[in-house]
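For reference, the structure is listed below as structure tokens.
There are 2 protein chains.
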Amino acid sequence: MGEEGTKSKRADARRNEKTLLDAAAAVFVTSGVEAPVRDIAAKAGVGMGTIYRHFPTRADLIIAVYRHQVDACAEAGPRLLESSETPYEALRRWIDLFVDFLVTKHGLAAVLQSDNAGFETLHTYFLDTLLPVCARLLEAAAKAGEIRSDLEALEVMRGVGNLCIGADSDPRYNARRMVGVLVAGLKT
Amino acid sequence: MGEEGTKSKRADARRNEKTLLDAAAAVFVTSGVEAPVRDIAAKAGVGMGTIYRHFPTRADLIIAVYRHQVDACAEAGPRLLESSETPYEALRRWIDLFVDFLVTKHGLAAVLQSDNAGFETLHTYFLDTLLPVCARLLEAAAKAGEIRSDLEALEVMRGVGNLCIGADSDPRYNARRMVGVLVAGLKT
DNA sequence: AACGATACGGAGCACTGTTCCGTTTGGCAA
DNA sequence: TTGCCAAACGGAACAGTGCTCCGTATCGTT
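From first to last, the protein sequence lines are chains E and S. FYI, in our numbering the residues of the first sequence are 1 to 188. FYI, in our numbering the residues of the second sequence are 189 to 376.
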């Protein structure tokens, strides 16, 4: 439950972890989350072994880099439910938040749904964190009779995530707008 | 405009092209469209050189394998527009056709939107073939006042394609249903 | 039958993920 | 302060894959 940084690790290990996180964040911005591991290691000035020791899979690294933002998104759910006029409005706003996060992370949406081995962890993390929040919002909106009630939260999450794929590589495609259409389609 | 198969090619070349197409189709079914080129070559019983001579990029091979089905989908558009009660109904049915095609092709939807180099050709082919059809259906439905008129055909196509990604690798995700929601969201 | 164009096969190169192990270093105990 | 060793590091090496290149085999024509 606590912070990882205070663990009984050696000082250089802690330092390298931080360095790697910063380097990864920087490389993700410029080259996307699928950037070669070597690039990240080079940017951080460490060897290949170091990166794999700290983050056994690429998913672990991605999770570590974005954990704060994902958690923030999860925490925003209940808050929106309270502060919004209607549950549907809360759902809409929350999905906007999620979409804003995704479309600004080069290639993240794609890798999230990718069935390539090694990314299940990432998929699982997102689902574990955000699915309950989404489910709660959907349930509230359904109970209020604002949206259809035959939809699983998983489907909505994946649908929204999928719509964000490639949003940054083709200016003609506006993911936010299509998500808007999808969310409109949820209404009864 | 005519058939390629009748070109002035050597007999063995024509034979290999057919063999490769069949092998590729078989491998795509079992291993997805991202299957290693070596696997396809092995299945066809030819060398690497042969496959690349006939299909310079993987996209060319994929296009060749699915050309007939894509063309059939394109041709179904105008027919549906005539035979359906309303333009919106035609649009809905046409999108169903497109989705049925995509979800039964392991990994095709993903590679269609992938920004990996080498697949632009594939993306372009699909767009060139299907975009005009989709645009016509959208326009008809918009003119009839059944759907919003501020949407580009490209967005709708990409949105639908995106929703189909991973449809076959997670039984909990029903792409058809989410596309249904999206299409419902198009209504005015 | 001979010959030239066409096509073939697969070794080889480039690139990337991942592992493995010899070397270095941080922190603790004497 | 010094010595020790577990912890951590670096990067060479291996494996999988896309793609090229060129010596060899085959086709079809003369």
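Glycine included, each C-beta is placed from N, C-alpha and C at the ideal position.
Residues of the segment 95-106 of chain E with a Cβ closer than 8 angstroms to any Cβ of chain S: none.
85/E is the residue among 85/E, 60/E, 11/E, 72/E whose C-alpha sits nearest the C-alpha of residue 140/E. In terms of Cβ geometry, residue 258/S and residue 317/S form a close pair [threshold 9 angstroms]. Cα atoms of residue 313/S and residue 286/S: separation of roughly 14 angstroms, rounded to the nearest angstrom. The DSSP-derived three-state label of residue 251/S is helix.
Between residue 352/S and residue 264/S the beta-carbon gap is near 17 angstroms, outside 8 angstroms, which marks them as no contact.
If the five residues before and after residue 142/E are omitted, its C-beta is found closer than 6 angstroms to the C-beta atoms of 149, all from its own chain and listed in chain order. Separation of residue 356/S and residue 153/E (C-alpha to C-alpha, rounded to the nearest whole angstrom) is 18 angstroms.
A straight line joining the alpha-carbon of residue 216/S with that of residue 74/E spans about 38 angstroms. Three or more Cβ pairs drawn from the segment 100-119 of chain E and the segment 22-36 of chain E lie within less than 8 angstroms of each other, which places the two stretches in contact. Check the Cα spacing between residue 123/E and each of 358/S, 376/S, 256/S: the tightest is with 358/S. Of the residues assessed, residue 172/E falls on the exposed side of the cut-off, its CB having fewer than 16 other CB atoms within 10 angstroms. Residue range 153-163 is occupied by the alpha helix (DSSP H) that includes residue 158/E. Of the residues 300/S, 303/S, 321/S, the one whose Cα lies closest to the Cα of residue 268/S is 321/S. Just measuring C-alpha positions, the residue of 185/E, 17/E, 117/E sitting nearest residue 54/E is 17/E.
With respect to residue 207/S, residue 247/S sits apart: the two C-beta atoms are not nearer than 9 angstroms. For residue 18/E, the three-state secondary structure derived from DSSP is helix.
Contact between residue 228/S and residue 252/S does not hold, since the beta-carbon distance rounds to 12 angstroms and is not under 8 angstroms. The beta-carbon separation of residue 370/S and residue 182/E, rounded to 5 angstroms, stays under the 8 angstroms limit for a contact. Taking residue 209/S as the centre and dropping the five residues before and after it, the same chain places the C-beta of 252, 253 closer than 7 angstroms to its C-beta, in chain order.
With a beta-carbon spacing of about 36 angstroms, residue 372/S and residue 118/E fall beyond the 8 angstroms limit used to define contacts. Contact with chain S is found for residue 152/E, since one of that chain's Cβ atoms lies less than 9 angstroms from the residue's Cβ. Neighbours of residue 225/S across chain E, judged by C-beta separation under 9 angstroms, do not exist; the nearest C-beta is about 17 angstroms away. Residues are counted here when their Cβ sits less than 7 angstroms from a Cβ of chain S; for the segment 116-127 of chain E the count is zero.
Contact of residue 350/S with chain E is assigned, a C-beta pair being separated by under 9 angstroms. If the five residues before and after residue 25/E are omitted, its C-beta is found closer than 7 angstroms to the C-beta atoms of 65, all from its own chain and listed in chain order. Neighbourhood of residue 166/E in chain S, by CB distance below 9 angstroms: 301, 302, 303, 346, 350, in chain order.
Around residue 357/S, the beta-carbon contacts reaching into chain E at under 8 angstroms are 115.
The straight-line gap separating the alpha-carbon atoms of residue 127/E and residue 162/E is approximately 14 angstroms. Contacts with chain E at 9 angstroms (Cβ-Cβ) do not include residue 268/S.
Residue contact check for residue 88/E against chain S: no CB pair falls below 9 angstroms. Secondary structure within the segment 242-326 of chain S: not one fully enclosed beta strand (DSSP E) run of 3 or more consecutive residues is present.
If you ignore the 5 residues before and after residue 279/S, its C-beta comes within less than 6 angstroms of the C-beta of 325, 329, all in its own chain and listed in chain order. Listed as beta-bridge partners of residue 335/S by DSSP are 375/S. For residue 231/S, the uninterrupted alpha helix (DSSP H) segment begins and ends at 225-232.
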